[in-house]
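Counting in the numbering used here, the sequence shown runs without a single skipped number right up to 527 at its last residue. Ideal Cβ positions, reconstructed from N, Cα and C, are used throughout, including at glycine. To start, the structure under review is shown below, and the notes come after it.
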Amino acid sequence: MIKTLDLVPVLPEIFMAVAGLALLMLGVFRKEDSTKSVSVLVILALGAAMVLVSSLGGDRLTAFNGLFVADRFAGFAKGLVLVASAIATAMSLPYLEREKIGRFEYPVLVLFSTLGMMMMISANDFIALYLGLELQSLALYVLAAYNRDNARATEAGLKYFVLGSLASGLLLYGVSLIYGFAGTTSFETLANLFSGGHEHPIKPNMGIIAGLVFILAGLSFKVSAVPFHMWAPDVYEGAPTPVTSFFAVAPKIAALCLLVRVMTGPFADLVEQWRQVVTFIAIGSMFVGSFAAVVQTNIKRLMAYSSIGHVGFVLVGIAAGTTLGIQGVLIYLAIYLFMNVGAFAVILSMRQKGRMVEGIDDLAGLSKTHPMMAFVMAVLMFSMAGVPPLAGFWGKFYVFMAAIESGLYTLSILGVLSSVVSTYYYLRIVKVMYFDEPTEAFDKPVGTSMTLVMAVSTLVILAFTLIPAPLVTSAKAAAQVLFPAAG
């Protein structure tokens with residue numbers, strides 16, 4: 041019998057599940073097209089879930105016999121994911137209506153995948169983790185192939201599905217190895233076994249380390265880190281643009297927070313073992329993300345490689361394995377969220393004569409035809425490149441500082457070098473917008489939701505330098521939860 045108190049930490053998730061089912065019924069029973077009304081209700085549901093998450097406070101609460109945990113870290117991460125999903129849903133509405141592919145299932149799928157992400161973030165056991173991961177992934181596979189009459193979108197969905205299944209298999213194989221050698225899937229029990237706090241402590245043997253590497257491989261796929269990044273550029277390019285904008289933020293943030301939870305929870309005492317793997321993946325991601333993006337001509341493919349590069353920078357903070365590192369990761373993710381949704385709002389506004397264009401050259405002369413849009417894109421590109429005093433610089437600053445404090449000098453130097461390379465292709469976009477002659481102007485008006493997203497993201501990026509305190513302190517409080525001894 042589950043005690044009532046046991047369900048309090050899971051209230052946001054229960055609410056999301058009920059809301060999803062109710063909206064599914066609403067969409068089915070309403071005869072006319074209800075995409076707009078369901079989308080608005082989904083955004084309201086995400087907002088309500090956010091209120092519920094924040095009402096739980098910062099105490100560590102567990103549910104379902106310790107399978108599920110709600111703490112400050114989960115609250116912070118869920119806040120980011122819910123904001124990302126709500127913005128992505130709002131940005132997709134005008135696109136779906138214009139392309140005449142609006143169906144009420146779209147916002148509901150976003151809602152269910154967000155529920156999966158929230159489950160992942162709060163997982164305190166590998167079985168709970170896998171449930172959340174699969175709920176998220178299954179909805180995302182459908183979203184990638186959402187525009188089913190388009191060959192590219194169908195191909196994107198299929199690629200994502202096949203490779204995603206492989207990654208799930210790798211993850212499960214890793215979990216089964218850990219279970220075989222340690223006899224448990226619970227994060228807390230595993231942490232006790234490895235730290236020596238258990239009556240039968242376990243030394244990390246080959247089986248455990250092999251399991252750990254497989255788990256890392258499965259999760260690296262989810263965050264599209266090198267060498268498991270092959271799907272990202274194709275899926276980003278093939279999927280409908282609003283789906284790409286959703287993929288670039290919410291699932292990525294959730295999977296990175298999950299990676300943090302797994303590495304600092306059950307495997308906190310094996311930091312020497314997993315740090316080497318994370319360092320290797322981080323260096324690979326930063327360099328592939330930087331060099332491969334240089335030759336791209338399609339802006340969505342460029343954003344895919346750019347996001348692979350950003351994942352590399354986030355992994356630098358995880359490799360540090362300290363409170364400071366995780367604080368840096370959370371700050372980086374919050375800034376990354378706004379940089380990306382802003383950039384995708386601009387990409388979604390790239391229309392000529394009613395059809396979407398995706399070439400970087402199509403931005404030529406944007407400063408003369410749409411000066412405000414060009415300004416927004418320039419600010420976001422400078423921020424992504426890490427140019428001070430914009431927010432993107434501080435994101436990199438925090439993760440590199442943490443890496444240096446942990447003695448990872450080579451990793452930090454390589455990170456800064458790859459950041460220099462990435463500056464080239466971000467500034468190339470600024471050059472195209474400000475110094476090339478306009479070929480054909482984009483359609484006006486841009487639309488209220490896009491204008492709003494552009495304005496908010498630009499303000500956040502510019503304002504962070506002036507008022508960093510709210511984000512920095514909440515990220516610090518969230519990171520300290522994972523290191524009770526240090527905090």
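Among the options, nearest to residue i - alpha-carbon criterion
| i | options | result |
| --- | --- | --- |
| residue 161 | 473, 497, 274 and 113 | 113 |
| residue 259 | 238, 214 and 235 | 214 |
| residue 520 | 392, 223 and 365 | 365 |
| residue 342 | 377, 306, 150 and 421 | 421 |
| residue 185 | 172, 355 and 202 | 202 |
| residue 426 | 150, 463, 514 and 408 | 463 |
| residue 217 | 88, 514 and 245 | 245 |
| residue 409 | 224, 522 and 472 | 472 |
| residue 48 | 95, 382 and 269 | 95 |
| residue 448 | 273, 272, 316 and 503 | 316 |
| residue 313 | 268, 269, 285 and 234 | 234 |
Nearest-angstrom Cα separation, counted from residue j out to residue i
| i | j | result |
| --- | --- | --- |
| residue 41 | residue 104 | In this prediction, residue 41 scores a pLDDT of 46, lower than 50, which makes its location untrustworthy; no coordinate-derived value is stated. |
| residue 309 | residue 414 | 48 angstroms |
| residue 191 | residue 496 | 34 angstroms |
| residue 137 | residue 187 | 13 angstroms |
| residue 518 | residue 92 | 17 angstroms |
| residue 54 | residue 417 | 38 angstroms |
| residue 392 | residue 177 | 33 angstroms |
| residue 255 | residue 468 | 37 angstroms |
| residue 395 | residue 78 | 25 angstroms |
| residue 482 | residue 291 | 30 angstroms |
| residue 107 | residue 239 | 22 angstroms |
| residue 242 | residue 249 | 12 angstroms |
| residue 282 | residue 221 | 43 angstroms |
| residue 84 | residue 165 | 30 angstroms |
| residue 210 | residue 320 | 18 angstroms |
Status (buried if at least 16 other CB within 10 Å, exposed otherwise) for residue i
| i | result |
| --- | --- |
| residue 265 | buried |
| residue 346 | buried |
| residue 62 | exposed |
| residue 237 | exposed |
| residue 435 | buried |
| residue 450 | exposed |
| residue 576 | The shown model of the chain, from 41 to 527, leaves out residue 576, and the question about it has no answer. |
| residue 147 | buried |
| residue 262 | buried |
| residue 67 | buried |
| residue 340 | buried |
| residue 270 | exposed |
Short CB-CB distance (under 8 angstroms) between residue i and chain D
| i | result |
| --- | --- |
| residue 272 | You won't find chain D in this structure, because it holds only one protein chain. |
Contact between the stretch 447-463 and the stretch 324-331 (3+ Cβ pairs under 8 angstroms): Under the three-pair Cβ rule at 8 angstroms, the stretch 447-463 counts as touching the stretch 324-331.
Alpha helix (DSSP H) runs wholly inside the stretch 315-375, at least 4 long, in chain order: Contiguous alpha helix (DSSP H) elements confined to the stretch 315-375 occur at 339-360, taking only those with 4 or more residues.
Between the stretch 433-447 and the stretch 382-397, do at least 3 Cβ pairs fall closer than 8 angstroms? Counting Cβ pairs under 8 angstroms, fewer than three are found: no touch.
Contact between the stretch 359-374 and the stretch 486-495: three or more CB pairs below 8 angstroms? Of all C-beta pairs linking the stretch 359-374 to the stretch 486-495, fewer than three are shorter than 8 angstroms, placing the two stretches out of contact.
Give a yes or no on contact between the stretch 106-121 and the stretch 293-310, applying the rule of three or more CB pairs nearer than 8 angstroms. Judged by pairs of C-beta atoms under 8 angstroms, the stretch 106-121 touches the stretch 293-310, as three or more such pairs exist.
How about the stretch 459-478 and the stretch 392-408: do they share at least three Cβ pairs that are nearer than 8 angstroms? Contact holds: three or more Cβ-Cβ distances are below 8 angstroms.
Say whether the stretch 362-382 touches the stretch 264-278, bearing in mind that this needs 3 or more beta-carbon pairs closer than 8 angstroms, one atom from each stretch. Result no; under three Cβ-Cβ pairs closer than 8 angstroms.
Using 8 angstroms as the Cβ pair cut-off and three pairs as the minimum, do the stretch 121-132 and the stretch 147-157 touch? Under the Cβ criterion (8 angstroms, minimum of three pairs), the stretch 121-132 counts as touching the stretch 147-157.
Beta strand (DSSP E) runs wholly inside the stretch 46-104, at least 3 long, in chain order: Complete beta strand (DSSP E) runs here, min 3: 101-103.
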